[in-house]
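The structure appears below as structure tokens.
Take a look at the structure:
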């Protein structure tokens with residue numbers, strides 16, 4: 041669902057180059073200029089007014105995602121209203137596109153929108169006696185920039201998508217596909233990645249909406265593998281592309297891979313940073329800012345931790361430096377938030393349970 045271009049940052053590149061494993065993606069350390077900025081000290085974030093609660097006069101209904109596109113417009117998956125809305129940076133509606141139950145959206149370099157629908161299904165009655173179930177979460181949807189048409193299904197997972205045997209009854213289980221996250225490549229090849237929640241892997245698709253084998257990330261609990269992937273984010277450091285992904289469960293909360301081959305940048309399990317070791321069982325969103333800070337949004341908190349935490353910030357080394365948020369509908373409060381985006385120092389959060397989009401900015405760097 042995400043992407044951002046990063047200016048040259050010497051310290052993070054040195055760290056990444058020293059940690060990258062595998063021959064395919066390991067690159068010589070380039071000669072870089074000294075950074076010409078002074079990172080702002082972490083203090084706190086303020087909530088920007090007004091809160092966005094509607095688009096085009098229609099109140100938001102369970103918005104699941106917010107995304108800032110290459111075209112510099114903001115896109116919101118207004119899930120309960122079966123639409124994706126296009127906003128300017130002030131939150132004013134530009135256009136609205138109909139799509140059943142959108143939960144995540146991205147934009148490729150050709151300005152096409154690509155979206156997924158989670159695990160949504162609809163049951164329709166036929167002839168007052170039988171019912172037919174239509175699945176939407178097992179498919180990919182595209183709205184082409186040229187042509188002006190709406191979202192169209194461009195790929196549907198095979199059905200049944202997966203079969204497993206559950207002991208001791210040895211019951212055959214038929215699973216529908218569940219796609220919850222999508223992120224376009226930063227390259228002009230117009231490829232993109234899908235978080236395949238049902239099969240615990242991250243798929244790679246061509247610009248023609250055809251799966252590229254093998255998956256960029258396979259199922260598993262270790263480094264470079266994934267369990268219940270939820271959100272994806274693509275970004276670039278000094279011309280080199282990376283993929284960050286967050287998991288809803290498993291040993292590691294978030295991981296970082298170098299592209300195009302998906303090589304993990306952290307290979308030494310003895311020195312994994314907090315960003316990776318964070319294993320809270322919650323849906324997570326992840327974005328990266330221009331200083332290579334990582335932001336992770338949790339959809340809920342565990343009652344076993346004894347405190348609330350919803351939005352966490354990690355520095356370029358993966359060390360946690362900030363967290364805030366409590367349950368509720370007031371300032372710096374969340375109710376089952378599902379979407380996170382970043383642009384020009386502002387964090388955008390789809391506060392799903394409160395039917396709103398809220399924005400935060402670093403208190404020491406307020407723009408008027």
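In this note's numbering, the protein residues as written are 41 to 408. By construction, the Cβ of each residue, glycine as well, lies at the ideal position given by its N, Cα and C atoms.
Proximity of the region 299-314 to the region 324-331 falls short of the contact definition, fewer than three beta-carbon pairs being nearer than 8 Å.
A check of alpha carbon separations from residue 177 across 280, 143 and 339 identifies 143 as the nearest. DSSP, read as helix, strand or coil, puts residue 366 in strand. In the three-state reduction of the DSSP assignment, residue 312 falls in the coil class. The bridge partners DSSP lists for residue 215 are 202. Taking the Cα of residue 154 as reference, the smallest distance to any Cα among 163, 121 and 220 is reached at 220.
If you draw a 10 Å sphere on the C-beta of residue 301, you find fewer than 16 other C-beta atoms in it, and that means exposed. Residue 131 and residue 95 have their C-alpha atoms roughly 8 Å apart. Contact holds between the region 220-240 and the region 272-280, because three or more Cβ pairs, one in each stretch, are under 8 Å apart. Put simply, the backbone Cα of residue 363 is about 42 Å away from that of residue 173. Residue 137 sits away from residue 188, with the two beta carbons spaced by 7 Å or more. Look at residue 173 here: in three-state DSSP terms it is strand. By the Cβ criterion, the region 354-362 is not in contact with the region 92-109, since fewer than three pairs of Cβ atoms, one from each stretch, lie closer than 8 Å.
Around the C-beta of residue 262, fewer than 16 other C-beta atoms lie within 10 Å, and the residue is accordingly described as exposed.
Taking a 10 Å sphere around the C-beta of residue 287, we find 16 or more other C-beta atoms and assign the residue as buried.
Judged by beta-carbon spacing, residue 185 lies within the 7 Å limit of residue 151, meaning their Cβ atoms are closer than that value.
Here the alpha carbon of residue 159 sits roughly 16 Å from the alpha carbon of residue 118. Within the model, the alpha-carbon separation for residue 140 versus residue 193 is close to 11 Å.
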